[in-house]
Amino acid sequence: MSRIKATVRQRTWGSYGHFLNHRQALSHCGGFLYYDTRNADPDIAKTTRIESLDLADDTVRVIYDTYSLSANGPGVGAVVCHPLRSTVLFIHGLAHCNDHYPYSMTRRFGAWASLDPRNPVCKIQALEGRGLQSKLPWGSLGGGTHAHSFSKEGNWVSFTYNDAMQPQRRSVGFAYVDGWDSDHGEKNAESPSKYEDEFQGRGWAALALIPEDPILCAREECWVQGQVDGKAYMALAMIVSVQSSQSIQPPVDEIYLAEFPSDAKRWPNDLSGQMACRSGADSWRLEPPPGIRWRRLTNTQASEYPGIAGPRHWLIASGCGRWIVALKKDSKGVVRLIRVSVQDGQTEWISGNRQSITHPPAIDPNGGRLTYLVSNRLTILDLYSCQETQVEWDTQGFREVTGPVQFLPGEQGVFWNARPSGSPWLQIWTASLEPLRR
1 MSRIKATVRQ RTWGSYGHFL NHRQALSHCG GFLYYDTRNA DPDIAKTTRI ESLDLADDTV
61 RVIYDTYSLS ANGPGVGAVV CHPLRSTVLF IHGLAHCNDH YPYSMTRRFG AWASLDPRNP
121 VCKIQALEGR GLQSKLPWGS LGGGTHAHSF SKEGNWVSFT YNDAMQPQRR SVGFAYVDGW
181 DSDHGEKNAE SPSKYEDEFQ GRGWAALALI PEDPILCARE ECWVQGQVDG KAYMALAMIV
241 SVQSSQSIQP PVDEIYLAEF PSDAKRWPND LSGQMACRSG ADSWRLEPPP GIRWRRLTNT
301 QASEYPGIAG PRHWLIASGC GRWIVALKKD SKGVVRLIRV SVQDGQTEWI SGNRQSITHP
361 PAIDPNGGRL TYLVSNRLTI LDLYSCQETQ VEWDTQGFRE VTGPVQFLPG EQGVFWNARP
421 SGSPWLQIWT ASLEPLRR
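Taking the numbering used here, the leading residue of the sequence shown gets 1, the next gets one more, and so forth.
Shown next as structure tokens:
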């Protein structure tokens with residue numbers, strides 16, 4: 001295995017958390033990292049600020065603040081960046097929050113803002129519309145969204161979704177935002193007090209899947225984009241929990257695809273009025289739009305260790321759209337990386353680790369290299385050749401990495417979260433990468 005040297009730098013120092021999202025935390029220009037001020041993953045409800053780190057000079061700027069420090073919310077967090085513009089999107093709890101109506105997985109929405117990175121204080125817009133009626137109009141939802149992710153062009157956003165009527169049956173949804181325009185955003189931005197229980201959204205939102213037996217829930221999705229027979233292809237890959245035919249067996253997590261029709265962009269114009277209400281005990285009020293084609297990609301129930309496994313992670317698509325990357329246990333029970341063919345579901349082991357991977361993997365902006373961690377041992381893996389490179393870095397200055405190690409643009413290096421030795425506060429670190437000199 002080849003080796004490479006990493007020169008480590010601590011980039012933030014404030015006595016509070018600096019929590020990076022697990023993907024799309026880097027600005028489109030590569031000059032800024034965006035994060036929330038959590039110090040632990042579950043703390044969104046009491047988190048008030050979104051900030052940016054200027055990688056040129058380590059300047060920290062506040063870009064949004066709820067000014068409402070409360071364990072009940074509203075809460076903000078999990079910032080992602082538009083791939084082409086100075087626009088960010090993050091979780092925002094409903095403004096109407098108290099002891100009786102606290103922040104929860106059904107009481108949140110996607111909040112976006114277009115901003116000047118060096119003068120970034122901004123107002124927000126809601127990504128998706130929210131309603132509480134028994135019959136919802138097409139394009140609106142009746143619950144909470146989180147874990148947002150932009151498509152390559154930034155005109156689609158995916159998310160996981162919890163419906164107010166069926167909060168435990170998590171699903172995957174998306175929003176189409178055509179003509180994303182910073183000027184339009186500034187003119188229509190609202191104060192957080194407007195986002196209480198019902199409101200309109202900038203995007204046209206829908207679900208890709210309604211969980212119903214034997215599907216229990218869907219989550220941890222990614223966009224899959226490429227070319228098939230010379231035509232543009234777009235799908236959402238997601239982890240789906242499938243109940244075994246023998247109910248005494250635990251559910252198995254498999255990879256499914258929701259393939260979009262070529263005319264999906266017409267949905268906002270073609271689908272108007274109220275959705276058709278579903279009947280039955282599940283009480284779902286929503287319908288996926290017509291034309292989505294569902295396909296099960298993996299079937300691991302017969303393997304020694306069935307299902308996608310390992311630390312919680314989101315699926316990753318290769319830049320070419322040919323493969324989905326996930327974690328799974330091999331025949332010895334070691335958590336390793338697999339790549340799954342989008343075409344036929346063929347699965348290959350691609351990482352050579354002999355001890356289990358302990359953190360989520362991450363992919364570079366071009367979609368060709370992966371990082372993975374075994375404790376604090378970092379490896380870079382070429383997704384196409386499967387060649388691995390061991391990273392030699394000095395980890396004495398920080399405790400165990402939190403979350404994935406993510407790539408800076410080009411060959412600049414990597415960034416991650418960790419607590420400095422002797423400190424309780426989660427900070428941001430970067431490392432430049434260079435070949436070892438022997």
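Yeah, the Cβ is synthetic: ideal placement off N, Cα and C, and Gly gets one too.
By Cβ distance below 7 Å, which residues in the same chain neighbour residue i in space, the five residues on each side in sequence not counted?
i, result
"residue 358", "311, 373, 374, 375"
"residue 120", "52, 61, 63"
"residue 347", "298, 338, 340"
"residue 272", "138"
"residue 304", "331"
Taking its Cβ as the centre, do 16 or more other Cβ atoms sit within 10 Å of residue i, making it buried, or is it exposed?
i, result
"residue 231", "exposed"
"residue 29", "exposed"
"residue 1", "exposed"
"residue 366", "exposed"
"residue 248", "exposed"
"residue 220", "buried"
"residue 145", "buried"
"residue 161", "buried"
"residue 130", "buried"
"residue 67", "exposed"
"residue 13", "exposed"
"residue 140", "buried"
"residue 406", "buried"
"residue 293", "exposed"
"residue 360", "buried"
"residue 417", "buried"
"residue 71", "exposed"
"residue 323", "buried"
"residue 3", "exposed"
"residue 351", "buried"
"residue 134", "exposed"
From this set, the options, which residue's C-alpha is nearest residue i's C-alpha?
i, options, result
"residue 307", "225, 194, 299", "299"
"residue 439", "304, 255, 261, 314", "Since the first residue shown for the chain is 1 and the last is 438, residue 439 is missing from the structure and cannot be characterised."
"residue 166", "102, 351, 286", "286"
"residue 442", "289, 250, 257, 259", "As displayed, the chain neither begins before 1 nor continues past 438, which places residue 442 out of reach and without an answer."
"residue 75", "101, 86, 43, 59", "43"
"residue 353", "342, 430, 328", "328"
"residue 73", "410, 200, 103", "103"
"residue 210", "168, 177, 228", "168"
"residue 435", "420, 392, 423", "392"
"residue 7", "99, 412, 422", "412"
"residue 321", "301, 313, 344", "344"
Quick one: give me the first and last residue of the beta strand (DSSP E) that residue i is part of.
i, result
"residue 267", "Looking at the DSSP string, residue 267 is not in any beta strand (DSSP E); the run it does join, the alpha helix (DSSP H), is 267–270."
"residue 156", "156–163"
"residue 417", "413–420"
"residue 45", "It is not in any beta strand (DSSP E) - residue 45 carries neither H nor E in the DSSP assignment."
"residue 328", "323–329"
"residue 350", "Taken as a continuous stretch (DSSP letters only), residue 350 belongs to no beta strand (DSSP E), as it is neither H nor E."
"residue 78", "76–81"
"residue 431", "427–435"
"residue 233", "231–242"
"residue 217", "215–228"
"residue 71", "Unbroken run through residue 71: none, as it is neither H nor E."
"residue 364", "No beta strand (DSSP E) holds residue 364; DSSP gives it neither H nor E."
"residue 100", "Run containing residue 100: none; DSSP gives neither H nor E here."
"residue 371", "369–374"
"residue 147", "143–150"
"residue 404", "398–407"
"residue 258", "252–259"
"residue 5", "2–10"
"residue 171", "171–176"
With a CB to CB cut of under 6 Å and the five nearest residues on each side skipped, what residues in its chain are close to residue i?
i, result
"residue 84", "28, 154"
"residue 39", "17, 426"
"residue 175", "127, 128, 157, 203, 205"
"residue 244", "none"
"residue 253", "239, 241, 307, 308"
"residue 356", "334, 335"
"residue 363", "316, 370"
Pull up the CB-CB distance for residue i and residue j, whole angstroms please, since I reckon it's below 8 Å.
i, j, result
"residue 92", "residue 111", "4 Å"
"residue 77", "residue 47", "5 Å"
"residue 207", "residue 171", "5 Å"
"residue 390", "residue 402", "21 Å between Cβ atoms; not a contact."
"residue 149", "residue 222", "7 Å"
"residue 264", "residue 291", "7 Å"
"residue 275", "residue 136", "6 Å"
Using a Cβ-Cβ cut-off of 8 Å (strictly less than) and excluding sequence neighbours within five positions of residue i, which residues of its own chain qualify?
i, result
"residue 132", "142, 164, 197, 198"
"residue 79", "21, 25, 34, 35, 36, 50, 88, 89, 90"
"residue 368", "318, 319, 382, 383, 384"
"residue 31", "54, 55, 56, 117"
"residue 420", "10, 397, 398, 399, 427"
Can a CB atom of chain B be found closer than 9 Å to the CB of residue i?
i, result
"residue 357", "Included in the structure is just one protein chain, with no chain B present."
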